[in-house]
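Before any comments, here is the structure.
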Amino acid sequence: LPGTTCVLVSFPFIFNPCLGCKDNTPQWAAFVYYLPFIIIFQFGWAATQISHLSLIPELVTSDHEKVELTAFRYAFTVMANITVYGLAWLLLNFQVDQPDRTEHLGAQDVPIFRNLSLIVVGLGAVFSLIFHLGTKEKPYPPGSLPQLEENTPLVQKEPTTPPRPLLIWKDWLLEPAFYQVAVLYMSTRLIVNLSQTYIAMYLTNSLLLPKKYIATIPLVMYISGFLSSFLMKPVNKWIGRNLTYFVGILVILAFASWVTLAGQMGVEIYGAAVLLGAGSATILVTSLSMTADLIGSNTHSSAFVYGAMSFTDKMANGLAVMVIQNLHPCPTELCCPACVSFYHWVMVLVTGGVAIAAIASLCCIMIWPIRIHYHAVCLRGLSGAGTSYGATESTEGASPSSAVN
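Letter 113 of the sequence shown, counting from 1, is numbered 118 in our numbering, and no numbers are missing.
See below:
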């Protein structure tokens, strides 16, 4: 709830002109103005996303159900994105005198994005209210025992094997699988986020397409991803997590190859957008499912795992954007002739280049499968006696003394 509040309060200010700023206002002053709102928004967005993702391991235990729930979550995310880009397309068509002109986005488009941000915040507030009122959690205070049901036996049987310890945040830092999944998730987010960030510049500056394409092309991408998300459960069940991710990466590489070979594109860009949308959906849903598999029964520390994944994602994306912007060939202009090829190769590298790194990470997971190693965690019962526990557990639910790929 605090995260949602932070997003609702800060988002409209980010997409509105600086209050009190004029044409001669220094750039550093505008930076200082927007910085607090960006920090508040990023805090709220991370808190909302992490808490929402942490519900997946809490709700289901089956691997295939985790994929299905993650796919449904992504499908509704895509529906929200489709709504945003659909509204943007309508605003660009009805609020601009000549929607087909190829000029860059500028001050004349401020009312469009202001209205769009207010509409998005209003819709988000309504659905957030529905979620908070309709979702009921069962709180278990630390140290409390679960309530006994009528058919619960009073005398519990002694377990044949010692209970598996519950990992806390410090224990995760000792797990090699934690870093394997983090690198794969970071690579996935780099592909998805950077392609979404620079697709608008690629369309208007490199392909010189009309401005309305910055709404229609992402719309096609999200529709493609939406349809692909419904195939995730059967495909994962049929060929497994690793091969499903590999198929998604191949689709991303097909998009990168198309962009590389085709210097200029017209309507063909819609076909490339379908590939990018389907590939992005496949690798994102699969990487999130792998993260849920990694967490397994350690749902009490799932927020830390998702938070760490989100931290690596944001750090990598931030550094990548800084590097790209520092390499921009037009420091004093919005776009000069040199930026035509610049954004073309940016799209190739943020998809195809990062996809190669993702394949390397996937190969590491295939060679060294994701396993949880319990490093002699000490369990204490009611009698106060300590039991040292050390074991290896596969993410697919193997016994404590074994590991299965």
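Where a beta carbon is used, it is the ideal one built from N, C-alpha and C, also for glycine.
Which same chain residues end up closer than 8 Å to residue i when comparing Cβ atoms and leaving out the 5 residues on each side of it in sequence?
i: residue 457; result: Residue 457 is absent from the structure shown; the chain starts at 6 and stops at 410.
i: residue 86; result: 223 and 227
i: residue 235; result: 76 and 80
i: residue 52; result: 7, 8 and 11
i: residue 349; result: 207, 211, 264 and 268
i: residue 83; result: 227, 228, 230, 231, 234 and 286
i: residue 326; result: 199 and 202
i: residue 122; result: 16, 17, 19, 20 and 21
Rounded to a whole number of angstroms, what is the C-alpha to C-alpha distance between residue i and residue j?
i: residue 21; j: residue 178; result: 41 Å
i: residue 266; j: residue 201; result: 20 Å
i: residue 230; j: residue 243; result: 20 Å
i: residue 17; j: residue 39; result: 11 Å
i: residue 300; j: residue 29; result: 52 Å
i: residue 97; j: residue 117; result: 7 Å
i: residue 120; j: residue 182; result: 45 Å
i: residue 365; j: residue 191; result: 13 Å
i: residue 298; j: residue 240; result: 17 Å
i: residue 186; j: residue 295; result: 7 Å
i: residue 128; j: residue 205; result: 24 Å
i: residue 382; j: residue 306; result: Residue placement at residue 382 is flagged as unreliable, the pLDDT there being 47, under the threshold of 50; the coordinate-derived value follows with that caveat. Near 15 Å, if we compare the C-alpha coordinates of residue 306 and residue 382.
i: residue 33; j: residue 54; result: 31 Å
i: residue 344; j: residue 329; result: 12 Å
i: residue 60; j: residue 251; result: 27 Å
i: residue 253; j: residue 139; result: 34 Å
i: residue 23; j: residue 376; result: 50 Å
i: residue 334; j: residue 58; result: 39 Å
i: residue 131; j: residue 31; result: 38 Å
i: residue 135; j: residue 95; result: 27 Å
i: residue 37; j: residue 318; result: 24 Å
i: residue 331; j: residue 359; result: 19 Å
Near residue i, what residues of its chain come up, given a Cβ to Cβ distance below 6 Å and the 5 sequence neighbours on each side ignored?
i: residue 293; result: 75
i: residue 15; result: 42, 45 and 46
i: residue 225; result: 275 and 278
i: residue 214; result: 208
i: residue 35; result: 23 and 26
i: residue 163; result: Low local confidence applies: a pLDDT of 48 at residue 163 is under 50, so the model's placement there is unreliable, and no value is given.
i: residue 189; result: 292 and 366
So, for residue i: in the same chain, excluding its five sequence neighbours on each side, which residues have a beta-carbon less than 7 Å away from its beta-carbon?
i: residue 247; result: 367, 370 and 371
i: residue 260; result: 277, 280, 281, 284 and 356
i: residue 289; result: 79, 193 and 197
i: residue 124; result: 92
i: residue 19; result: 39, 42, 43 and 46
i: residue 315; result: 51, 54 and 55
i: residue 256; result: 280, 283, 284 and 287
i: residue 126; result: 13, 16 and 17
i: residue 353; result: 261, 264 and 265
i: residue 203; result: 348, 351, 352 and 355
Looking at chain C, is there any beta carbon in it that lies within less than 8 Å of the beta carbon of residue i?
i: residue 243; result: In the displayed structure, chain C is absent; only one protein chain is listed.
Quick one: does the C-beta of residue i sit closer than 7 Å to a heavy atom of the ligand HEM?
i: residue 18; result: For the ligand HEM, the structure offers nothing, since it holds no ligand at all.
Given 8 Å as the limit, is there contact between the segment 82-91 and the segment 214-228, that is, 3 or more CB pairs closer than that? yes
Could you check whether the segment 189-207 touches the segment 314-323, counting it as contact only if at least three pairs of C-beta atoms, one from each stretch, sit closer than 8 Å? yes
Taking the runs of the alpha helix (DSSP H) that are 4 residues or longer, which of them lie wholly in the segment 198-242? 218-234
Any chance you could list the beta strand (DSSP E) runs of at least 3 consecutive residues sitting entirely within the segment 248-323, in chain order? none
Which complete alpha helix (DSSP H) runs does the segment 69-100 hold, if anything under 4 residues is left out? none
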